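Enquirer:
In full-length UniProt numbering, the protein residues as written are 1 to 129.
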C-alpha cells in the first residue's frame with residue numbers, strides 16, 4: 001500500500017443536486033455505477049427518507065472510510081429536509097424546468113433586486129421630505 005493509501009482520509013460529508021428524476025436506487029446507480037459498494041450503501045442509508053427524487057433536490061454524500069462528524073451530518077439533514085419541504089406540491093416537469101434554468105432565474109431575480117434596490121435608494125434621495 002502506498003503512503004497516501006495509509007493516511008487517514010479527511011473528506012467531509014457533502015451533498016449533490018439531483019439532475020434526473022428517479023428513485024433513490026436510480027440516483028445511487030448514477031453516482032456509484034451500482035449499489036453494492038460501501039459508499040453506495042452509506043448513500044442509501046443517509047437518504048433513505050426520500051425514495052423518489054426530482055431535479056433540484058439534494059442528496060447527502062459521505063465517504064464511508066472518513067470520520068464523519070455527527071454535527072456536519074445533522075446540518076446536511078436539516079438542509080435536505082428544508083429542500084424536500086420546498087418541493088411539496090411541485091411536479092417533476094416544474095422541478096426539471098427550475099433546475100435546468102436555475103442560473104438564468106437567479107440572474108434575473110438578482111438583477112431585479114438590484115434594480116428595485118437602486119430605485120428605492122434614488123427615490124429616497126430625490127423625493128422631498
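For each residue, glycine too, the CB sits at the ideal point set by N, CA and C.
Nothing here was measured: the structure is a model prediction, and the numbers come from that model.
Exposed or buried, which one is residue 24 when buried takes at least 16 other CB atoms within 10 Å?
Expert: So residue 24 ends up on the buried side.
Enquirer: Looking at residue 18: is its Cβ nearer than 8 angstroms to the Cβ of residue 57?
Expert: For residue 18 and residue 57, yes; Cβs fall inside 8 angstroms.
Enquirer: Measuring only the C-alpha atoms, how far is residue 54 from residue 106?
Expert: Roughly 19 angstroms separates the two Cα atoms.
Enquirer: What residue range does the beta strand (DSSP E) around residue 61 cover?
Expert: Unbroken beta strand (DSSP E) run through residue 61: 58-61.
Enquirer: What is the DSSP secondary structure of residue 91, counted as helix, strand or coil?
Expert: Coil.
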